[in-house]
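Written out below as structure tokens is the structure these notes cover.
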Amino acid sequence: MRGVMMYAPGDVRVEDRPMPSILEPTDAIIKVAATCICGSDLWPYRGLEPLAAVPQPMGHEYVGVVETVGDQVTSVRQGDFVVGSFVASDNTCEICRSGYQSRCIHNVMMGSIGTQAEYARIPLADGTLVATPAYPADDLIAPLLAASDVLGTGWYAAVAAQAGPGRTIAVVGDGAVGLCAILAARQLGAERIIAFSRHPERQALARAFGATDIVEERGDEGAAKVRELTNGYGAHGTAEAVGTQLSMSQAIQSTRPGGYVGYVGVSHGVELRGIDLFFRSVHLHGGPAPVRHFLPTLIKLIGDRSIDPGRVFDVTLPLEDAAEGYRAMDERRAIKVMLTL
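Pasting the structure below:
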């Protein structure tokens, strides 16, 4: 089969990979219908994060059709169209039952398997995959693919930021996750959503997803603007979807005392001074999103056409052109690239 491999920063190739097979009775093999490039894939692409292997299989977002299942798999069967999380989980351990499947005691990071490929082995299939009620219409493939990571992650950020009726939510980051956090905050009933963005195309999509205000300033100036827009208080909650020192500080400073910061950007070089955090009096909650927890709800909303997170995919390329997709995202010519098979 064909799959994407990264050999070094900036060196992405599509080449023949071995067909996956059932290794454990809890596995499933899927034929991937669509996959995509994640903002987190850009960290090793830019040389800011070491490769786990050389070459490294790439990708952790996927939708597809079940080809075969192991002897112990009961919740999905051959022919089902499925959506899965970027973290495989058993969905039965104590951590999973508390709603944090991404931290399952038996978790497997799907990036270690690589789903930017024609086929993929899904460990812990019963706890990881959710079948759609029927084979989806073509225009629902992209929204369902978004649910595999960026929508679920943005949703988690909005939930962690306590988005709800009567609340003002700020969102730091105008990539796919940040945009999905805006969509989620609106769906959860937030009254006002302040989006940080300097890019006209992303600003337009932010407004389409529910943003009421756009702030172009960053850092302390950006946080000051949020306080200005909220009569000096700051947002009730802030979703942080970048993962840098500047973005985390900006999120904390944008949030009123007693407010909530939902941080889902993969942290790189982020350090928090205890005394500063002490006097901000904010709640911090985040980490890898428990996408599996939200998947049934998200699949229903997408199937009902209540939401369309697929709009974050502004570039679609065949799998064979994955290297161009990485370049487009690295150069910010694309918000998110979907790869078709």
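Be aware that the sequence shown starts at 292, since it is given in my numbering, and climbs by one per residue. Idealized CB from N, CA, C, for every residue including glycine.
| Check | Outcome |
| --- | --- |
| Whole-angstrom distance between Ala408 and Pro311, CA atom to CA atom | 10 Å |
| Rounded separation between Arg489 and Gly370 - CA only | 44 Å |
| Backbone CA spacing between Tyr391 and Ala379 [nearest angstrom] | 12 Å |
| For Cys471 and Pro600, believed in contact at Cβ under 8 Å, the rounded distance | 5 Å |
| Phe372 Cβ short of 8 Å to the ligand SAM heavy atom set | Of ligands this structure carries none, so the ligand SAM is not represented either. |
| 9 Å Cβ cutoff met for Ala530 and Gly553 | yes |
| Coarse secondary structure for His584, derived from DSSP in three states | helix |
| Bounding residues of the beta strand (DSSP E) (the contiguous stretch that carries Val295) | 293-299 |
| Beta-carbon gap between Tyr298 and Thr326 smaller than 9 Å | no |
| Sub-9 Å separation of Gly594 and Pro424 beta-carbons | yes |
| Bridge partner(s) assigned by DSSP for Phe377 | Partner(s): none; Phe377 has no beta bridge. |
| One or two residues paired with Val557 in a DSSP bridge | DSSP, once it has assigned bridges, lists no residue as partnering Val557. |
| Ala515, enclosing alpha helix (DSSP H) - first and last residue | 510-520 |
| Delimiting residues of the beta strand (DSSP E) encompassing Thr249 | Lying before the first or after the last residue shown, residue 249 is absent from the chain, which here runs from 292 to 632. |
| Sub-9 Å separation of Tyr447 and Ala542 beta-carbons | no |
| Lys322 and Tyr426 closer than 9 Å at C-beta | no |
| Residues near Val364 by beta carbon distance below 7 Å, same chain, minus five either side | Thr317, Ala319, Ala416, Asp417 |
| Extent of the continuous alpha helix (DSSP H) run through Met539 | 536-545 |
| When Asn522, Ala515, Met620 are compared against Arg337, the one with the closest alpha-carbon | Met620 |
| Backbone CA spacing between Thr406 and Ile566 [nearest angstrom] | 42 Å |
| Spatial distance of Arg388 from Asn522 (CA atoms) | 40 Å |
| Contacts around Gln544, its chain only, beta-carbon distance under 7 Å, and the 5 residues preceding and following it disregarded | Asp511, Ala514 |
| Strand pairing of Leu420, partner residues [DSSP] | Gly375 |
| Segment contact, 8 Å Cβ cut-off, at least three pairs: the region 456-474 with the region 484-498 | yes |
| Glu508 to Lys516 span [Cα, whole Å] | 8 Å |
| Alpha-carbon spacing of Ala499 relative to Arg602, whole angstroms | 10 Å |
| Beta carbon of Met296 nearer than 9 Å to that of Pro335 | no |
| Where the beta strand (DSSP E) through Phe487 begins and ends | 483-487 |
| Nearest-angstrom Cα separation, counted from Phe570 out to Arg564 | 10 Å |
| Within the region 601-626, ranges of the alpha helix (DSSP H) (whole runs, at least 4 residues) | 613-621 |
| Range covered by the alpha helix (DSSP H) that runs through Ala499 | 491-500 |
| Cα-Cα separation, Leu339 to Ala428 | 38 Å |
| Gly577 and Ala454 closer than 9 Å at C-beta | no |
| C-beta contact flag for Leu442 and Leu474 at 9 Å | yes |
| Segment limits, alpha helix (DSSP H) that includes Leu575 | Looking at the DSSP string, Leu575 is not in any alpha helix (DSSP H); the run it does join, the beta strand (DSSP E), is 574-577. |
| Cα-Cα separation between Asp605 and Ala433, rounded to whole angstroms | 10 Å |
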